[in-house]
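Written below as structure tokens is the structure these notes are about.
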Amino acid sequence: MAVCMTDAYLIGTGEGWMGGGQMYSFDRAFRELFAEAQTEILIAVYIFTSSASDVLSLITDALKRGLQVCLIVNDLLNTDHNRGLRQHLPELLQLGLKLWTFEPVHGMDAQATYLHGKLLVADRKKALIGSFNLTGKAINNNHEVGVVVDGKAADQAGKAFQSLLKYPLVKRVYSV
1477 MAVCMTDAYL IGTGEGWMGG GQMYSFDRAF RELFAEAQTE ILIAVYIFTS
1527 SASDVLSLIT DALKRGLQVC LIVNDLLNTD HNRGLRQHLP ELLQLGLKLW
1577 TFEPVHGMDA QATYLHGKLL VADRKKALIG SFNLTGKAIN NNHEVGVVVD
1627 GKAADQAGKA FQSLLKYPLV KRVYSV
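Just so we're aligned, residue 1477 is where the sequence shown starts under the numbering used here, counting upward by one.
Laid out in structure tokens, this is it:
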């Protein structure tokens, strides 16, 4: 279903994208979405490492402000990619983080499936959709690109997130 957007703007990281001044920085957009959120933050990501310490701080602060923060990470409990994040999870879970892992079907054939989409939704009013993983390298070094949308498109992104929670490969994580 096509959705008409009321507003959208590009975001990016990396000198190549940012040098021309045509894009908002990923860091600025991420911070603004967290600051503007009043009820919930929804995040789906392939990789989330502890090198994305600013994002970990934003999540911690949001939880302390009483926001509901929901996070889905691909293969959270089984890959080295997410090992650094796992060290922070006991504290985040105690603060109220709602956490899921997407347990992929591994393999090189057509049946292999992973959560590779990257999404952040704030109050279902704004959504950031892009190529970024939540890693220090993605935020500080890579040339990543994304878009921030609002209105109906952001609401649809929130509904897509909720739909993903019902997918059989997505499992709730209560402790690590």
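Positions of the beta carbon are idealized from the N, C-alpha and C atoms, including for glycine.
Please read all numbers here as calculations on a predicted model, not as lab measurements.
So, at 6 angstroms on beta carbons, what are the nonlocal neighbours of residue i in its own chain, with the 5 sequence-adjacent residues on each side left out?
i: S1527; result: T1611, G1612
Between the beta-carbon of residue i and the beta-carbon of residue j, is there less than 8 angstroms?
i: I1487; j: V1581; result: no
i: F1506; j: T1489; result: no
i: D1551; j: T1577; result: yes
i: I1458; j: L1595; result: It is not possible to answer for residue 1458, since the shown part of the chain is limited to 1477 through 1652.
i: G1627; j: D1483; result: yes
i: S1639; j: V1621; result: no
Apart from the five residues just before and just after residue i, which ones in its own chain have a Cβ nearer than 8 angstroms to its Cβ?
i: L1539; result: V1545, L1568, L1571, G1572, L1573
i: V1492; result: Reading off the sequence shown, one finds Gly at residue 1492, where the question assumed Val. For G1492, where only same-chain residues beyond five positions count, the Cβ hits under 8 angstroms are H1619.
Going by DSSP, which residues form a beta bridge with residue i?
i: K1602; result: A1598, D1626
i: V1649; result: L1575
i: E1491; result: DSSP, once it has assigned bridges, lists no residue as partnering E1491.
i: V1549; result: V1521, T1577
Does residue i pass the burial test, meaning 16 or more other C-beta atoms within 10 Å, or should it be called exposed?
i: G1497; result: exposed
i: Y1522; result: buried
i: N1554; result: exposed
i: E1512; result: exposed
i: T1515; result: exposed
i: N1609; result: buried
Looking only at its chain, what residues have a beta carbon closer than 7 angstroms to the beta carbon of residue i, apart from the 5 residues adjacent to it on each side?
i: E1579; result: D1551, L1645, K1647
Nearest chain B C-beta to residue i closer than 8 angstroms, yes or no?
i: I1517; result: Absent from the structure: chain B. Only one protein chain is present.
Problem - Inter-stretch contact at 8 angstroms, needing at least 3 Cβ pairs: the segment 1633-1645 / the segment 1590-1607 - result: yes
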